[in-house]
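Each number in our numbering corresponds to the 1-based position in the sequence shown with 167 added. All C-beta atoms, glycine included, are put in the ideal place defined by N, C-alpha and C. Just below is one structure, and these are the notes that go with it.
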Amino acid sequence: MQLLQARKVVILVLDQLSTDKAQRVVDWMAGGACAIDGQTFWVAEKTFMFVPNQVDIQSQRPAPSSPSPSLKDIST
168 MQLLQARKVV ILVLDQLSTD KAQRVVDWMA GGACAIDGQT FWVAEKTFMF
218 VPNQVDIQSQ RPAPSSPSPS LKDIST
C-alpha cells in the first residue's frame, strides 16, 4: 500500500495464496487505489495491477465492471 500511496504502479501476483486470501488482498489494495482515485486492472489469473490516478493505462481489455474484481469469477 505504501508504494501505491507514493504514486507507484503495483503489480501483485497472488497465485501462491488461496482464492479467499487473494481476494482479501485484492479488496484491500483496490480500496487503497480507490482512495487515491486510482484504478484496479486484472492482468491474468490472480495477477492484478493497481495504478495511481496520474498513470494512464491503455489496454485492449475492457475495464472491470467493479472496483474489486472477484477472483472466484475469473479463476479457471
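Query: Simplified DSSP assignment, three categories, for D187; Result: helix
Query: Same chain, Cβ closer than 8 Å to A200, neighbours up to 5 away in sequence not counted; Result: L171, Q206, T207, F217, V218, P219, P234
Query: Whole-angstrom distance between V210 and I224, CA atom to CA atom; Result: 12 Å
Query: Reduced DSSP category for V192 - H, G, I as helix; E, B as strand; rest coil; Result: helix
Query: Element boundaries [beta strand (DSSP E), containing L179]; Result: 177-180
Query: Alpha-carbon spacing of A202 relative to W195, whole angstroms; Result: 11 Å
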